[in-house]
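In the working numbering, the protein residues as written are 20 to 561.
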């Protein structure tokens, strides 16, 4: 029988850590003919400070190797202490063909890891993370976890997900700005001949690259609208990459505890047309304006928010609650993210008599569907009419969702808040019609709108279009001024740093991405342990 084994040894194999030594884990395939293969992770060139994670697959003829040059991380030297801690066991025995299939699944995952840039980190993103990822791909994570538990091993990084060094995002994004700046110079020179006045091609270059960086490096950012399964076939969702819906899912927390929308619609993972979003028209305009009129925001699920309207605390929303008659269900039939009167129905129209909102009524799911997350499911009651005229009470399901959001692909809009204030309104300055144009990205408004609201930006754009060939040497710093003015980060002192990174440039990228730079520790500055990577990144840019 062929086998898959899990092996471990003390880091450095020196015994310096005693019984609490952190362990290096790796996987071994033993073939029917006795030959072996190893899959292990480690830093490129064994450089634990600057190296990226790589996964190596090679022949492994003798697990207890004494020739360190043959396998730099998984060697065995009986002259060193703690050699007894070099241990392993078989976690899967089966036919050669089945073992080969599992191993090939792990190899595919290994190739995926190697194709990306994951900085090696001694305590959190390392060989043990590789073992976990590969074991999971083979469906053997439980067996590996049991081995680690039984042996009482210290395996930092095991169970972690790979997240590339966040500074790589910053480098990737700002390099895109630099590349686009150079492109804009060429476009401007061309415009002297063609009278073209658009820089949308250049900005598309920026944000296609930014989007690529987001998809490679970031988990999708999500928020939670409560959605009803109206046709009893499960909640059906649309992947953000193919979605045609743009909707404002971002909120800004105010000091008084209330929320306002940020006034920017993003491309979102969406709900299919045969299921419905629960809505409450707070400003009474007959439309679903943004996330404030759905149930669920970044800090609470839809059930939690709806529960706030259960004033008699009986665990259900029904006709005994004043909000019941105001609630509607939105089925976005044309999938455009815009509510229309024909798409909105009251709960009574749909025969819905109650919605359970108690925490006990929820069933955790944590299930991925088309790149969106179904967090949990609850139930609601619906009355239906049978063919003979009688009625039946049916229990249906609803879900709390985390919809994926493409923060980069966005557009500004105007809406009226519940107090009657018009948010996002502006008067178009006709001068912008003869100036460079681009749509908005992230939390940055479309260039004509931003220039109409920002005199400094308007003047910078005019200066750009008035440049003569003799002044082309000034175009790069001018375009950088335009970008920071457009993002409304020009007031940030350019000498300020967030860690070792320009605070202004980082804030600019945050604005265009529509998302705050966040480390795995939850902080928003470049940490001291990232300084080497930061300096390397800026050396590349300079």
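For every residue, glycine included, the Cβ atom is placed at its ideal position computed from N, Cα and C. For clarity, every value in this text was computed on a predicted model and none was experimentally measured.
Find the nearest neighbour of residue i within the set the options, judged by alpha-carbon distance.
i: residue 111; options: 380, 21 and 275; result: 21
i: residue 271; options: 293, 310, 303 and 249; result: 310
i: residue 460; options: 139, 527 and 59; result: 527
i: residue 245; options: 277, 253 and 298; result: 298
i: residue 381; options: 428, 340, 326 and 345; result: 326
i: residue 357; options: 364, 306 and 278; result: 306
i: residue 454; options: 60, 448 and 480; result: 480
i: residue 359; options: 133, 158, 131 and 304; result: 304
i: residue 175; options: 313, 471, 27 and 132; result: 27
i: residue 263; options: 296, 249, 301 and 288; result: 288
i: residue 153; options: 139, 75 and 291; result: 75
i: residue 468; options: 494, 446, 509 and 496; result: 446
i: residue 361; options: 149, 450, 292 and 409; result: 292
i: residue 477; options: 462, 452 and 495; result: 452
i: residue 57; options: 495, 126 and 42; result: 126
So, for residue i: in the same chain, excluding its five sequence neighbours on each side, which residues have a beta-carbon less than 7 Å away from its beta-carbon?
i: residue 399; result: 247, 371, 373, 374, 375, 415 and 417
i: residue 25; result: 44, 46, 107, 108, 110, 163 and 166
i: residue 516; result: 522
i: residue 473; result: 504
i: residue 89; result: Residue placement at residue 89 is flagged as unreliable, the pLDDT there being 39, under the threshold of 50; a coordinate-derived value is accordingly withheld.
i: residue 364; result: 347 and 348
i: residue 343; result: 336, 337 and 366
i: residue 10; result: The first residue shown for the chain is 20 and the last is 561, placing residue 10 beyond what the model contains.
i: residue 508; result: 523, 526, 527 and 530
i: residue 506; result: 463, 527, 530 and 531
Can you give me the start and stop residues for the alpha helix (DSSP H) that residue i sits inside?
i: residue 151; result: 146 to 156
i: residue 129; result: 115 to 133
i: residue 495; result: 494 to 505
Between residue i and residue j, what straight-line distance do the alpha-carbon atoms span, to the nearest angstrom?
i: residue 121; j: residue 155; result: 10 Å
i: residue 391; j: residue 535; result: 21 Å
i: residue 512; j: residue 501; result: 16 Å
i: residue 405; j: residue 369; result: 15 Å
i: residue 345; j: residue 329; result: 13 Å
i: residue 147; j: residue 281; result: 41 Å
i: residue 129; j: residue 53; result: 23 Å
i: residue 475; j: residue 354; result: 38 Å
i: residue 23; j: residue 118; result: 7 Å
i: residue 428; j: residue 286; result: 6 Å
i: residue 498; j: residue 483; result: 8 Å
i: residue 283; j: residue 178; result: 36 Å
i: residue 145; j: residue 139; result: 6 Å
i: residue 254; j: residue 133; result: 35 Å
i: residue 471; j: residue 448; result: 5 Å
Which stretch, first to last residue, makes up the beta strand (DSSP E) that contains residue i?
i: residue 56; result: 55 to 62
i: residue 481; result: Where residue 481 is concerned, there is no enclosing beta strand (DSSP E), although the alpha helix (DSSP H) it sits in stretches over 474 to 485.
i: residue 284; result: 283 to 287
i: residue 365; result: 363 to 365
i: residue 165; result: First-last for residue 165: 160 to 169, but that is the alpha helix (DSSP H), not the beta strand (DSSP E).
i: residue 383; result: 382 to 388
i: residue 454; result: Looking at the DSSP string, residue 454 is not in any beta strand (DSSP E), and its letter there is neither H nor E.
i: residue 279; result: 278 to 280
i: residue 24; result: 21 to 29
i: residue 320; result: No beta strand (DSSP E) contains residue 320, which DSSP labels as neither H nor E.
i: residue 295; result: 295 to 299
i: residue 372; result: 371 to 375
i: residue 399; result: 391 to 404
i: residue 347; result: 346 to 349
i: residue 337; result: 335 to 337
i: residue 49; result: 42 to 49
i: residue 247; result: 245 to 247
Keeping to the same chain, check which residues put their C-beta closer than 6 Å to that of residue i; ignore five residues upstream and five downstream.
i: residue 388; result: 256
i: residue 401; result: 370, 371, 413 and 415
i: residue 19; result: Here the chain has residues from 20 to 561 only, and residue 19 is not among them.
i: residue 269; result: 281
i: residue 124; result: 156 and 157
i: residue 92; result: Bear in mind that the predicted position of residue 92 carries a pLDDT of just 40, short of 50, making it unreliable; the figure below should be weighed with that in mind. Cβ within range, chain order: 61.
i: residue 314; result: 245, 297, 321, 324 and 325
i: residue 51; result: 21 and 115
Quick one: is residue i near chain C, going by C-beta distance under 8 Å?
i: residue 109; result: You won't find chain C in this structure, because it holds only one protein chain.
In its own chain, which residues sit with a C-beta less than 8 Å from the C-beta of residue i, not counting the 5 before and 5 after it?
i: residue 394; result: 243, 320, 383, 384, 385, 418, 419, 420 and 421
i: residue 250; result: 293 and 294
i: residue 300; result: 306, 307, 312, 345 and 347
Worksheet item: Should the region 376 to 390 be regarded as contacting the region 347 to 359, the criterion being three or more beta carbon pairs within less than 8 Å?
Response: Using a C-beta cut-off of 8 Å, the region 376 to 390 makes no contact with the region 347 to 359, since fewer than three inter-stretch Cβ pairs fall below that distance.
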